[in-house]
Amino acid sequence: MKKIAVFTSGGDAPGMNACIRAVVRTAIFHGLEVYGITYGYDGMINGNIKRMHSHSVSNIIQRGGTILKSARSAEFRTKEGREKAYKQLKALEIDGIVAIGGDGTFTGAKVFFEEFGIPTIGCPGTIDNDIYGTDYTIGFDTAVNTALEAIDKIRDTAAAHDRIFFIEVMGRDSGYIAVECGIGGGAEFVMVPETETDLKKVVKSLKNLRKSKSSSIIVVAEGDEEGNADLIMEKVKVKINDEDKEFKVTTLGHIQRGGNPTARDRVLASRCGMAAVEGLLNGEANCMAGVVNGDVAYTPFADCIGKTKPLKGDHLRLIEILSI
Numbered sequence: 001m002k003k004i005a006v007f008t009s010g011g012d013a014p015g016m017n018a019c020i021r022a023v024v025r026t027a028i029f030h031g032l033e034v035y036g037i038t039y040g041y042d043g044m045i046n047g048n049i050k051r052m053h054s055h056s057v058s059n060i061i062q063r064g065g066t067i068l069k070s071a072r073s074a075e076f077r078t079k080e081g082r083e084k085a086y087k088q089l090k091a092l093e094i095d096g097i098v099a100i101g102g103d104g105t106f107t108g109a110k111v112f113f114e115e116f117g118i119p120t121i122g123c124p125g126t127i128d129n130d131i132y133g134t135d136y137t138i139g140f141d142t143a144v145n146t147a148l149e150a151i152d153k154i155r156d157t158a159a160a161h162d163r164i165f166f167i168e169v170m171g172r173d174s175g176y177i178a179v180e181c182g183i184g185g186g187a188e189f190v191m192v193p194e195t196e197t198d199l200k201k202v203v204k205s206l207k208n209l210r211k212s213k214s215s216s217i218i219v220v221a222e223g224d225e226e227g228n229a230d231l232i233m234e235k236v237k238v239k240i241n242d243e244d245k246e247f248k249v250t251t252l253g254h255i256q257r258g259g260n261p262t263a264r265d266r267v268l269a270s271r272c273g274m275a276a277v278e279g280l281l282n283g284e285a286n287c288m289a290g291v292v293n294g295d296v297a298y299t300p301f302a303d304c305i306g307k308t309k310p311l312k313g314d315h316l317r318l319i320e321i322l323s324i
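If you read the sequence shown in UniProt numbering, its first letter stands for residue 1, the second for the next number, and so on.
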């Protein structure tokens, strides 16, 4: 193996730049040429591929987003599109690929490898922490801390005005951000896609909590089966039926994706990036480089895509116990 390429795809996550940096410098350390593909699979199809050097990744470890950009690619979902991408890579004699992204990125990488055989290793870049085969994903810790900072500030105004706040965080299919924010932010309730929300219990508990607490924080993952924070707030408000009580909603949205990555995300991203390059050199392919129980682990894409990563039951129980 003499040449490899790296790209980012899907939703951006803080720490992606740290991962790119690790891939580039590890490749150079091992005597490889390394190329950066801008705009993900779309850039691969259109030949947006440039040689990278050590200085190409200087002063980026602390930056959010991704210097290689990201884009969705409908064309890559077709055999014709993937063939175009393959021809672009072969024209540059690229022998291996590092794909930084989430479930959709790995799905595309798996199909691409099966059709054209270029060894590919993924790095788990998504704030949702929902990828099987790694304890944490790149960007998750930063997203939680960003959301938690906002929740702390909202709690101040909630307490000052005796309000009930419903705070919506990202997590269409996963409640990891909501759960960790709920524990760290002292939320009274957390609503996530993995568990069924009992609104009757929520209403009853809020009524009881009013005897001891003047304000409450409820964290809602955007994918909860009862709806988003606005819909849930309206349902609860109608059932409590207290004109003297103020109900408010805050949707944190895309601020959770931005910002400087935490030290934890920078270190995780750097470890995964190095592991991906060295995995390619050691014959690994069609898999993801993650960290499990503190050690680097390679998990087949088929498992990353096909297996769900359950929430920790003790985390949900912790919220229930500490909200009393």
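Virtual Cβ for every residue (Gly too), placed ideally from N, Cα, C. Here the structure is a predicted model, which is why all the values come from computation and not from measurement.
query                                                                                                                                                          : result
Tell me whether the beta-carbon of Ser-54 lies closer than 8 Å to the beta-carbon of Arg-82.                                                                   : no
Using the Cα positions of Lys-204 and Asp-152, report the straight-line distance between them to the nearest angstrom.                                         : 25 Å
Could you check what DSSP says for Ser-216 in three-state terms: helix, strand or coil?                                                                        : strand
In this structure, how does DSSP classify Asp-135 when only helix, strand and coil are distinguished?                                                          : coil
Start and end of the beta strand (DSSP E) containing Glu-33?                                                                                                   : 33-37
What residues are listed by DSSP as bridge partners for Arg-163?                                                                                               : Glu-246
Please state the DSSP three-state secondary structure of Arg-264.                                                                                              : helix
Quick check: the segment 252-263 against the segment 50-65, are there 3 or more CB pairs under 8 Å?                                                            : yes
Near Lys-307, what residues of its chain come up, given a Cβ to Cβ distance below 6 Å and the 5 sequence neighbours on each side ignored?                      : Tyr-132
Short of 8 Å in beta carbon distance, which residues of its chain neighbour Thr-107, apart from the five on each side in sequence? Order them along the chain. : Phe-301 and Ile-305
Checking the sheet assignment: what are the DSSP bridge partners for Ile-151?                                                                                  : DSSP lists no partner for Ile-151.
Scan the segment 253-320 and note each continuous beta strand (DSSP E) run of 3 residues or more that stays entirely inside, going in chain order.             : 287-292 and 295-300
For Ile-118 and Thr-137, I'd like the C-alpha separation in whole angstroms.                                                                                   : 24 Å
Hey, Leu-311 and Val-179 are a contact pair by Cβ (cut 8 Å); roughly how many whole angstroms apart?                                                           : 6 Å
If you drop the 5 nearest sequence neighbours on each side, which residues of the same chain put their C-beta closer than 6 Å to that of Arg-163?              : Ser-215, Glu-246 and Lys-248
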